[in-house]
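**Student:**
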Amino acid sequence: MRVVQLSDIHFGGEDAAALDAATTYVTADPPDLVMVTGDLTLNGTPREFRSAELWLARLPNPLLVTPGNHDTPYWNLPLRALQPFKRYRRFIGQPSASRYDVAGLHARTINTSRGAQPRFDWSKGAVSLKLASAAAEAITAFPADEIRIIGCHHPLMEITGTPVTGGVHRGQTAAKLFCDRGIDIILTGHVHTPFAVALPFGDGQTYAVGAGTLSVRTRGAPPGFNVLEISPGCVEVTALGWIGAALEIHRVWRLPRRSAPEGAAPEPKLSRAEVVVQNEGPSAAAGPS
Ligand SMILES: [Fe+2]
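For the sequence shown, the positions run 1 to 289 when the numbering used here is used.
Here's what the structure looks like:
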């Protein structure tokens, strides 16, 4: 199975060349699933949402989309506080609980973005444990060897080395819940740098995978996106980066996957995580997410 993860396009501040390359890549050879993990827009304006809507219409199906903190009306505080996803609904669709099920692959989204919160920084995340639990329950009703993916905008736990934090209320509890339930992969955006790490709960084979950005708001990695190749024994995550003239491999992680089907003859199962390729990106100052 092949999954392409695109994130943090930030229409209004998109990197047009990188975005064009990513769009061409994903449309030329459609994967089994495209997941867009939020921050479609820069300030949540109707014009930006319209650009996002037109772009999403060009992507192949199946396509799941979840909002980011920028997909609320950033400067319209009353609307942001009272109806934060009104524009998202109008242009994109339901902000939570989108789903995709096919034999061998099951995915759900949960919305970790909020319009307003009882804390100063509204860009941080929060997760509903009720929705997280429902998503985990639905997805684990299928056979254990089938791929289980959750998508949301904010990394549920802080990832060492990333330039900004998700600060997700109840994020660690949700991460543990997903690990204990045997979710394979949690796809996120927000930090604008790619990563793939095992979460420290359960059997250690639930992976937090983050994508870079397709905007000009880069933070230490070129603009890019992730391609996941998921086989019985391995989750391989390739972060592709746009270097100004072409897409190149920025980094590759090969991660052991649980639940090789009994009786099958899977590829040799990895015994530990490997970083196969690691190219350094341009350094960039961290800014607001
Ligand atoms: Fe972002």
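C-beta atoms are modelled at their ideal positions from N, C-alpha and C, and glycine is treated no differently.
Could you pull the DSSP bridge partners for TYR25 from this structure?
**Tutor:** DSSP output for TYR25 lists no bridge partner at all.
**Student:** In the DSSP output, what is ASN226 paired with across the bridge?
**Tutor:** Looking at the DSSP assignment, ASN226 forms a beta bridge with GLN5 and ALA239.
**Student:** Roughly how many angstroms separate the alpha carbons of PRO163 and ARG217, rounded to a whole number?
**Tutor:** Each residue's Cα considered, the two are about 12 Å apart.
**Student:** Cα-Cα, which of PRO60, VAL3 and PRO46 is closest to ASP71?
**Tutor:** Ranking the options by Cα distance to ASP71, first place goes to PRO46.
**Student:** Can TRP242 and PRO222 be called in contact, C-beta distance under 8 Å?
**Tutor:** Closer than 8 Å, so yes.
**Student:** Could you pull the start and end residues of the beta strand (DSSP E) that GLU146 belongs to?
**Tutor:** No beta strand (DSSP E) contains GLU146, which DSSP labels as neither H nor E.
**Student:** The beta strand (DSSP E) spanning GLY171 covers which residue range?
**Tutor:** Not the beta strand (DSSP E): GLY171 falls in the alpha helix (DSSP H), residues 171-180.
**Student:** May I have the straight-line CA-CA distance separating ALA196 from ASP184, to the nearest angstrom?
**Tutor:** Their Cα atoms are separated by approximately 12 Å.
**Student:** Taking a contact to mean a Cβ-Cβ separation below 8 Å, would you say GLY104 touches ILE150 in this structure?
**Tutor:** Not a contact, by the Cβ cut-off of 8 Å.
**Student:** Assign PRO62 to buried or exposed, taking buried as 16 or more other Cβ atoms, counted over all protein chains shown, within 10 Å of its Cβ.
**Tutor:** PRO62 is buried by the Cβ-count criterion.
**Student:** Using CA atoms only, rank isn't needed, just tell me which of LEU79, GLY68 and ASP32 is closest to LEU59.
**Tutor:** Selected option, being the one with the closest Cα: ASP32.
**Student:** In or out: VAL235 buried (at least 16 other Cβ within 10 Å) or exposed?
**Tutor:** VAL235 should be labelled buried.
**Student:** Helix, strand or coil for TYR88, going by three-state DSSP, please let me know.
**Tutor:** Helix at TYR88.
**Student:** Determine the burial state of ASP8: buried for a count of at least 16 other Cβ atoms within 10 Å of its Cβ, exposed for fewer.
**Tutor:** ASP8 comes out buried.
**Student:** Taking 7 Å as the cut-off, is the beta-carbon of ASP8 closer than that to any non-hydrogen atom of ligand 1?
**Tutor:** Yes - ligand 1 has a heavy atom lying nearer than 7 Å to the Cβ of ASP8.
**Student:** Do GLY38 and SER113 count as a contact pair if the criterion is CB distance below 8 Å?
**Tutor:** Yes; because the gap between Cβ atoms is below 8 Å, this pair is in contact.
**Student:** Buried or exposed: ARG87, going by 16 or more other Cβ atoms within 10 Å of its Cβ?
**Tutor:** By the 10 Å Cβ count, ARG87 comes out buried.
**Student:** Does the Cβ of ARG119 have 16 or more other Cβ atoms within 10 Å, making it buried, or fewer, making it exposed?
**Tutor:** With fewer than 16 Cβ atoms within 10 Å of its Cβ, ARG119 is classed as exposed.
**Student:** What does the alpha-carbon distance come out to for the pair TRP75 and LEU82?
**Tutor:** When rounded, the distance between both Cα atoms is 13 Å.
**Student:** Are there 16 or more other CB atoms within 10 angstroms of the CB of ARG108, so buried, or fewer, so exposed?
**Tutor:** Result: buried.
**Student:** Less than 8 Å between the beta carbons of LEU187 and ALA136, yes or no?
**Tutor:** Taking 8 Å as the Cβ cut-off, LEU187 and ALA136 do not qualify as a contacting pair.
**Student:** Using 8 Å as the threshold, is the C-beta distance between GLY212 and THR238 below it?
**Tutor:** No. Outside cutoff.
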